[in-house]
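Here the structure is laid out as structure tokens; the discussion comes afterwards.
2 protein chains.
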Amino acid sequence: MKDEAIDEQEDRADAMFRALADRTRRDILRRVLTGEHSVSALAADYDMSFAAVQKHVAVLERAGLLTKRRHGREQLAHGEVEAVRSVASMLTELEGLWRGRIARIDELIALDPLDPIDPTPPPHPKEKP
Amino acid sequence: MKDEAIDEQEDRADAMFRALADRTRRDILRRVLTGEHSVSALAADYDMSFAAVQKHVAVLERAGLLTKRRHGREQLAHGEVEAVRSVASMLTELEGLWRGRIARIDELIALDPLDPIDPTPPPHPKEKP
DNA sequence: TTGACATACAACCGAATGGTTGTATGTTGT
DNA sequence: ACAACATACAACCATTCGGTTGTATGTCAA
Chain A
666 MKDEAIDEQE DRADAMFRAL ADRTRRDILR RVLTGEHSVS ALAADYDMSF AAVQKHVAVL
726 ERAGLLTKRR HGREQLAHGE VEAVRSVASM LTELEGLWRG RIARIDELIA LDPLDPIDPT
786 PPPHPKEKP
Chain B
666 MKDEAIDEQE DRADAMFRAL ADRTRRDILR RVLTGEHSVS ALAADYDMSF AAVQKHVAVL
726 ERAGLLTKRR HGREQLAHGE VEAVRSVASM LTELEGLWRG RIARIDELIA LDPLDPIDPT
786 PPPHPKEKP
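Rendered as structure tokens:
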């Protein structure tokens, strides 16, 4: 994979995690995942200005977690479940790395059955006291 | 559940998502999930000061995504896979809301069989191979 | 056409973030 | 005891963030 593509992927990840790192936005996302809501319908339930909520919606939209559809003078927002899944899969990947650590330890033990100690992988030189 | 408990939960979610919303921290988390690393070992691989990396590690630690263990003069950091899983489960919950939306639409149709619409696809016909 | 509504966006402000350098404290090896 | 190392933390700075108010544009209804 090309480096710029990796950067893009990381940019997307930044945007999505950042968008999720605010409870108002998580709440909005919950609501638009259960069904379409206009921006003002969403804004009605929060103790802040319409503009503030509109900006939150824009953040979610830029992160790809939500899209909008025009309906008359309203913009109906709905959650993008595929984007949510893609975030979830990043975390699954992290879990996979952890699982791989176990496998690596097993491998080490298998390769050198004489060494009975130290589950720590060897980035650091180990001293024998 | 008590309101303060909900707030605490949301505070934790804020901290975890925010901690994940930085590519350097995600990279550090990947590394400490595959095995223990001292803070300076981690810092060696990034083009920023040691103090900056140390702060990133502190952010991950405050979010509960990483814990440290003293070993001599070093602090060995390792990833907390349970915390990663808890974030993943929040996203799974969001997905569940979306799935519930379909059920709700079905229910409406059942109540009013005259309504001919619903372009919404069923849960997901095809998964990536 | 006009007025009310829905949305978008700019300008501004205080607080938080991500980086820097510098300093303090504990640990180790000689 | 001491020099070098590993870590922590404070102070500072530029930028971003989350909120505000105000203004502009588009759409509907009468």
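Chains as they are written, first to last, in my numbering: chain A, 666 to 794; chain B, 666 to 794.
Glycine included, C-beta positions come from ideal geometry on N, C-alpha and C.
First through last residue of the beta strand (DSSP E) which encompasses residue i
{"i": "glutamate 739 of chain B", "result": "739-744"}
{"i": "leucine 731 of chain A", "result": "731-736"}
Close-in-space but distant-in-sequence residues of the same chain around residue i (CB under 8 Å, 5 per side omitted)
{"i": "glutamate 760 of chain B", "result": "none"}
{"i": "proline 781 of chain A", "result": "With a pLDDT of 47 at proline 781 of chain A, under the threshold of 50, the modelled position of that residue is not reliable, and the figure given next carries that caveat. No residues qualify anywhere along the chain."}
{"i": "histidine 721 of chain B", "result": "Asp687, Thr689, Arg690, Ile693"}
{"i": "glutamate 726 of chain A", "result": "Thr732, Lys733, Ala742"}
{"i": "valine 746 of chain B", "result": "Leu698"}
{"i": "methionine 713 of chain B", "result": "Thr689"}
{"i": "isoleucine 671 of chain B", "result": "none"}
Beta-carbon proximity check, residue i vs residue j, cutoff 8 Å
{"i": "methionine 681 of chain B", "j": "alanine 728 of chain B", "result": "yes"}
{"i": "leucine 731 of chain B", "j": "glycine 744 of chain B", "result": "yes"}
{"i": "leucine 762 of chain B", "j": "arginine 695 of chain A", "result": "yes"}
{"i": "phenylalanine 715 of chain B", "j": "alanine 706 of chain B", "result": "no"}
Proximal residues to residue i (C-beta, below 7 Å), its chain only, five neighbours per side dropped
{"i": "proline 787 of chain A", "result": "Residue placement at proline 787 of chain A cannot be trusted, given a pLDDT of 40 that sits under 50; the coordinates are not used to answer."}
{"i": "valine 697 of chain A", "result": "Leu731, Ala742, His743, Gly744"}
{"i": "tyrosine 711 of chain B", "result": "Thr689, Val718"}
{"i": "lysine 791 of chain B", "result": "In this prediction, lysine 791 of chain B scores a pLDDT of 37, lower than 50, which makes its location untrustworthy; the coordinate-derived value is nonetheless stated afterwards. Counting only Cβ-Cβ distances below 7 Å, and skipping sequence neighbours, we find nothing."}
{"i": "serine 703 of chain B", "result": "Glu739, Gln740, Leu741"}
{"i": "alanine 678 of chain B", "result": "Met755"}
Close beta carbons around residue i, own chain, < 6 Å, minus the five adjacent residues each side
{"i": "alanine 753 of chain A", "result": "none"}
{"i": "alanine 748 of chain B", "result": "Gly729, Leu730"}
{"i": "glutamate 675 of chain A", "result": "none"}
{"i": "glutamate 701 of chain B", "result": "Leu741, His743"}
{"i": "proline 784 of chain B", "result": "Residue placement at proline 784 of chain B is flagged as unreliable, the pLDDT there being 44, under the threshold of 50; a coordinate-derived value is accordingly withheld."}
{"i": "glutamate 673 of chain A", "result": "none"}
beta-carbon residue i near the ligand MN non-hydrogen atom, thresh 7 Å
{"i": "phenylalanine 682 of chain B", "result": "No copy of the ligand MN occurs in the structure displayed, which carries no ligand at all."}
Residue i, enclosing alpha helix (DSSP H) - first and last residue
{"i": "lysine 720 of chain B", "result": "715-727"}
Review point. When the Cβ atoms of the segment 724-738 of chain B are set against those of the segment 666-675 of chain A, are three or more pairs found closer than 8 Å?
Key: No: fewer than three Cβ pairs fall under 8 Å.
Practice item. Determine contact between the segment 672-690 of chain A and the segment 685-697 of chain B, defined as no fewer than three beta-carbon pairs at a distance below 8 Å. Key: yes
Point to revise | Runs of alpha helix (DSSP H) lying entirely within the segment 669-711 of chain B, each at least 4 residues, in chain order | key: Counting only runs of 4 or more residues that sit fully inside the segment 669-711 of chain B, the alpha helix (DSSP H) segments are 688-699, 704-708, in chain order.
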